[in-house]
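The structure under discussion appears below in the form of structure tokens.
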Amino acid sequence: MDPAASGEPESALVVLVSRRPVLAEAARTLGAPAPMYLMDHANGEYTCSVQLIPPMRCHPDCTRVAHAVGGIATSVIGAEEKAAEGMINALRRRFGVQFNDMNWTRLNRCHRRFTMAHNSLRTMVERFSELSERARLMEKGWEQSLADIKAARDICTEIPSHSGDTLDVCEESTPQGETLFVVHSLGTWTHERFDEGMVALIAARGSTSS
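Take the sequence shown: its letters are residues 828 to 1037, numbered as in the working numbering.
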């Protein structure tokens, strides 16, 4: 039965890469002699160790022997593969040698993308917090401005009522009448601005909460 037709995930094809040519290439790149494999055989099981003499960076004649032992295997090739893998890991850890491994390269690429996305998200969160704080301060200032406008409106409304005079556009203008008219006009203007400000403030709060 076809796994795709049955809905079951198809097994990924795994390509096995021999560690021995990888280690040989590492030795060539480091300027070291070819790796030396030493095999032990007992009771049908094989154990292999490998030696590598990479040059050191202190001066050209300085060398250091690297030694790695692989696990037990049922064949000579399997034992050499395990020993080569152990030496590759030792070169990575102790000598800082980097291998151009496709899976490792892909992992690093994904890690870089994740780091970039994480940094972008953190920047967005910080920016959002900054904008939220600014919006809060603007709302507070808007409320204070509305309170000042309301106070001015109340004062303008109270002045004509306490003056005992009425505004009559047909009468001859007097300084007091002109003053009352200006105060009345200012009260009307502040009343309109107060209503507009309240509508804008309520709309802003609604958009922020949503």
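Yeah, the Cβ is synthetic: ideal placement off N, Cα and C, and Gly gets one too. From a predicted model like this one, the values you see are computed outputs, not experimental measurements.
Endpoints, alpha helix (DSSP H) assigned at residue i
{"i": "residue 879", "result": "Premise fails: residue 879 lies in the beta strand (DSSP E), 872 to 879, not in any alpha helix (DSSP H)."}
{"i": "residue 914", "result": "903 to 922"}
Counted within 10 angstroms of its Cβ, other Cβ atoms place residue i as buried (16 or more) or exposed
{"i": "residue 976", "result": "buried"}
{"i": "residue 954", "result": "exposed"}
{"i": "residue 856", "result": "exposed"}
{"i": "residue 1017", "result": "buried"}
{"i": "residue 920", "result": "exposed"}
{"i": "residue 850", "result": "buried"}
{"i": "residue 912", "result": "buried"}
{"i": "residue 918", "result": "buried"}
{"i": "residue 978", "result": "exposed"}
{"i": "residue 1026", "result": "exposed"}
{"i": "residue 848", "result": "exposed"}
Residue i, enclosing beta strand (DSSP E) - first and last residue
{"i": "residue 840", "result": "Neither: residue 840 is in no beta strand (DSSP E) and is coded neither H nor E."}
{"i": "residue 853", "result": "No beta strand (DSSP E) contains residue 853, which is instead part of the alpha helix (DSSP H) from 846 to 857."}
{"i": "residue 869", "result": "863 to 869"}
{"i": "residue 892", "result": "Careful: residue 892 lies outside any beta strand (DSSP E) and carries neither H nor E."}
Distance between beta carbons of residue j and residue i, contact taken as under 8 Å
{"i": "residue 914", "j": "residue 865", "result": "With a Cβ gap of about 12 Å, residue 914 and residue 865 do not count as contacting."}
{"i": "residue 882", "j": "residue 858", "result": "5 Å"}
{"i": "residue 969", "j": "residue 1028", "result": "6 Å"}
{"i": "residue 908", "j": "residue 838", "result": "Actually they are not in contact, since the Cβ atoms of residue 908 and residue 838 sit about 22 Å apart, beyond 8 Å."}
{"i": "residue 964", "j": "residue 1021", "result": "Residue 964 to residue 1021, Cβ: 21 Å. No contact."}
{"i": "residue 854", "j": "residue 860", "result": "7 Å"}
Residues that DSSP places opposite residue i in a beta bridge
{"i": "residue 938", "result": "Partner(s): none; residue 938 has no beta bridge."}
{"i": "residue 900", "result": "873"}
Cβ pair count under 8 Å reaching 3, the segment 930 to 940 against the segment 870 to 879: no
Given 8 Å, three or more beta-carbon pairs between the segment 893 to 912 and the segment 943 to 961: no
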